[in-house]
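In the working numbering, the protein residues as written are 8 to 271.
What follows is a single structure, written as structure tokens, with notes after it.
Shown next as structure tokens:
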């Protein structure tokens, strides 16, 4: 990619680039990304035992941007010591965000208190480090918003795969968050999500794949890939009044703004 192409490159704001399903394919997939104008990946962590490999992976390419955190879905695997380890790694490895963190109310209610404790600890660490966060939120947007306000968290971040309503979208935006637009909008049946993303201000939106999960409607092998970010952009272009180029440039700019990264 040339310097000019880098400036216009798309930014995948949520890609599990370290996932075993993608590891063997990384050279060919990154080439496909570059060929399709996808120039940046934000790579969130999920578990402490993956942190070392993820750190080493992101050191291979400056446009693979490291985030570190403890995912709520794996609450049973997280240990109290992991927070102090995370705090140390934030100092030594300079991640661009804390994530993937949040609350998942698809899990049994018996886990919710532990999830909240972990979420608050990571919000506090992000605030101390002046880092944005990557939020995983399932069935509990109002609760997450309340906790963010209670903690007076001011560094914003991304709401991964946003699926809330317009009132919740505005609440996140008012707190400095951008909303992740992913492969869901490539499905015609996702009427509610498509309608919401057709109406929200462009300054609130970022693109994401969640690769290798959340495949696009056209992906018959069900393995999502970061170069498919162009399909999300195509679908968003169909839904909105702006030109494709404007959507691409603004969603990328939104990522750089949140992550406090210098543009190429």
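Heads up, the beta-carbon is just placed ideally off N, CA and C, and yes, glycines get one too.
Bear in mind that the values here come from a model prediction, so they are computed numbers and not experimental data.
Residue 185 is bridged by DSSP to 165. Taking 8 Å as the cut-off, the Cβ atoms of residue 106 and residue 69 do not count as close. Excluding the 5 residues flanking it on each side, residue 32 has same chain C-beta neighbours closer than 8 Å at 232, in chain order. Of the residues assessed, residue 202 falls on the exposed side of the cut-off, its CB having fewer than 16 other CB atoms within 10 angstroms.
Taking a cut-off of 8 Å for Cβ pairs, the stretch 124-140 and the stretch 175-182 do not touch, as fewer than three such pairs fall below it.
Taking all protein chains in view, the Cβ of residue 117 is surrounded by fewer than 16 other Cβ atoms within 10 Å, so the residue is classified as exposed. Under DSSP, residue 144 shares a beta bridge with 110. For residue 126, the closest alpha carbon among the candidates 15, 143, 194 is that of 143. Boundaries around residue 48 are those of the beta strand (DSSP E), 45-50, since no alpha helix (DSSP H) includes it. By the Cβ-count criterion, residue 237 is buried, with 16 or more other Cβ atoms from all chains shown falling within 10 Å of its own Cβ. Of the residues 23, 198, 186, 230, the one whose Cα lies closest to the Cα of residue 174 is 186. The bridge partners DSSP lists for residue 263 come to none. In the DSSP assignment, residue 214 is bridged to 188.
Taking a 10 Å sphere around the C-beta of residue 56, we find fewer than 16 other C-beta atoms and assign the residue as exposed.
Inter-residue distance for residue 102 and residue 71 is about 11 Å (C-alpha atoms, whole angstroms).
Below 8 Å, too few C-beta pairs join the stretch 186-195 and the stretch 150-163 to call them touching: fewer than three. Listed in chain order, the alpha helix (DSSP H) runs fully inside the stretch 78-128 are 88-100, counting runs of at least 4 residues. For residue 20, the number of other beta carbons within 10 angstroms of its own is at least 16, and it is reported as buried. Residue 76 holds the alpha-carbon nearest to the alpha-carbon of residue 92 among 80, 84, 76, 82. A buried status is given to residue 74, since no fewer than 16 other beta-carbon atoms sit within 10 Å of its beta-carbon. Between the C-alpha atoms of residue 62 and residue 99 there is a straight-line separation of about 11 Å. Within the model, the alpha-carbon separation for residue 177 versus residue 171 is close to 10 Å.
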